[in-house]
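What follows is a short report on a single structure.
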Amino acid sequence: MYQLTKKYPSKRAFITGSASGLGKTLALQLAKDGWKIGITDINATALQSAATEIENAGGKVFQYVFDVSKKEAYKNAAEDFLMKNGGIDLLINNAGVGDGGLFEEYSLENWEWITGINQMSVIYGSYFFVPAMKKQKAGHIVNVASMAGIACMPNMSMYNVTKAAVIAHAESLYAELAPFGVGISLVLPTFFKSNIMQHNRGPEHATSIGKAKTQKITIGPEVVAHKILIQSGKDKFYIFHPFQALWVNWLKRLAPTFFLNMKANMFRKKKWVQKAVMAN
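Under the numbering used here, the first residue of the sequence shown is numbered 31, with each subsequent residue one higher.
Structural data, given as structure tokens:
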């Protein structure tokens with residue numbers, strides 16, 4: 031039994047992007063403790079399949095098929111979940127998409143798309159559920175960000191920006207919610223097996239790199255999900271995974287200029303970058 035289950039006996043959770051990957055895995059692990067779980071995805075077929083698995087694992091499921099970047103749709107789902115369950119104990123802002131490409135290669139329409147899913151969905155989730163948590167004087171939020179929001183590596187600025195916003199959001203709410211007994215955790219993973227690049231819209235030369243990396247990784251979402259639930263139950267704020275992510279964080283904080291120059295030099299040495307410079 032997870033510490034979160036002992037802490038919140040009403041066992042009410044809402045998880046975005048939960049038809050597959052990390053979101054579904056988190057729901058499955060909570061289901062074993064008998065949680066009531068609101069699951070969301072834009073794909074109705076995939077969500078129904080996930081719901082069946084979660085129910086078989088012991089959870090009670092509330093399905094919400096909608097686009098998390100749409101404010102009114104999110105509001106309706108949140109209000110329905112709160113009404114049916116009388117509140118919420120755990121909000122996991124997990125929905126997200128990955129993408130790559132140079133800044134100017136990414137259209138403004140695609141910037142709006144990735145910002146809506148990765149950033150605004152987190153704001154919407156918090157906005158619609160935080161009042162209930164504050165009224166209860168209890169609850170916990172988990173923001174799934176990425177080490178990309180700290181490292182900000184080149185050729186993926188659109189993803190970096192949205193995840194940096196998720197980090198700032200969590201760090202801001204940490205102090206604001208503390209007096210009301212509401213906790214928050216910030217998840218900062220590097221690569222693990224997922225389908226985050228499934229809906230990418232960036233140039234193929236960039237997104238293929240991300241797809242290749244996620245396929246080579248042997249760490250599955252089960253390991254990451256278990257760590258999230260264990261550490262958030264202990265009220266840990268920063269949840270790094272794997273441990274090496276912590277070293278990247280320390281390097282940037284202790285030697286920020288060195289870190290920036292290191293990235294620039296690495297990028298400058300890439301053959302395709304050198305060709306682009308010569309051709310420009």
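Ideal Cβ placement from N, Cα and C applies to all residues, glycine included.
Item                                                                                                                                                            : Value
In or out: T70 buried (at least 16 other Cβ within 10 Å) or exposed?                                                                                            : buried
Name, in chain order, the residues that DSSP records as bridge partners for V217.                                                                               : V174 and I269
Which ranges would you report for the beta strand (DSSP E) in the region 66-136 if only whole runs of at least 3 residues count?                                : 66-71, 90-95 and 120-123
Which residues bound the alpha helix (DSSP H) around A43?                                                                                                       : Run containing A43: none in the alpha helix (DSSP H); it sits in the beta strand (DSSP E), R42 to I45.
Ordered along the chain, which non-local residues of its own chain (more than five positions away) have a Cβ less than 6 Å from that of K54?                    : S48 and A80
Between which two residues does the alpha helix (DSSP H) holding I144 run?                                                                                      : L138 to T145
Below 8 Å, how does it come out for the region 164-177 and the region 204-218: are there three or more Cβ pairs, yes or no?                                     : yes
Using the rule of at least 16 other Cβ atoms within 10 Å of the residue's Cβ for burial, across every protein chain shown, is N310 buried or exposed?           : exposed
Does P251 pass the burial test, meaning 16 or more other C-beta atoms within 10 Å, or should it be called exposed?                                              : buried
Any contact of the region 115-124 with the region 168-185, i.e. 3+ C-beta pairs under 8 Å?                                                                      : yes
By the three-class DSSP mapping on this structure, what secondary structure does M31 have?                                                                      : coil
Tell me whether Q304 is buried or exposed, calling it buried when 16 or more other Cβ atoms sit within 10 Å of its Cβ.                                          : exposed
Strictly under 9 Å for the Cβ-Cβ distance: is A43 near chain D by that measure?                                                                                 : Given the protein chain composition of this structure (a single chain), no chain D is represented.
Out of I269, N295, G64 and D129, point me to the one whose CA is closest to P39's CA.                                                                           : G64
Provide the residue span of the alpha helix (DSSP H) that contains M186, from first to last.                                                                    : Here M186 belongs to no alpha helix (DSSP H), and DSSP marks it neither H nor E.
For N307, which beta-bridge partners are listed by DSSP?                                                                                                        : Per the sequence shown, residue 307 should be read as Val rather than Asn. For V307, which the question treats as bridged, DSSP gives no partner whatsoever.
For M150, report the span of its alpha helix (DSSP H) as first-last.                                                                                            : Per DSSP, M150 belongs to no alpha helix (DSSP H) and is neither H nor E.
Start and end of the alpha helix (DSSP H) containing F297?                                                                                                      : P286 to R298
At a cut of 8 Å, does the region 152-159 reach the region 183-203 through at least three beta carbon pairs?                                                     : yes
So, with DSSP's three-state summary, where would you put G51?                                                                                                   : helix
Out of Q78, I214 and E134, point me to the one whose CA is closest to F96's CA.                                                                                 : Q78
Over the uninterrupted alpha helix (DSSP H) stretch that includes I249, give me the two end residues.                                                           : From DSSP, I249 is part of no alpha helix (DSSP H); its letter is neither H nor E.
According to DSSP, is G64 helix, strand or coil?                                                                                                                : coil
What does Q169 pair with, by DSSP beta-bridge criteria?                                                                                                         : The sequence as given places Gly at residue 169; Gln does not occur at that position. According to DSSP, which records beta bridges pairwise, G169 is partnered with V212.
Going straight from the alpha carbon of Y32 to that of I258, what length do you get?                                                                            : 11 Å
Looking only at its own chain, which residues have a Cβ that is under 7 Å from the Cβ of L112, when we skip the five neighbours before and after it?            : I118 and A162
Count the other CB atoms, across all protein chains shown, that sit within 10 Å of the CB of V127; report buried if there are 16 or more and exposed otherwise. : buried
Secondary structure at K264, three-state DSSP: helix, strand or coil?                                                                                           : coil
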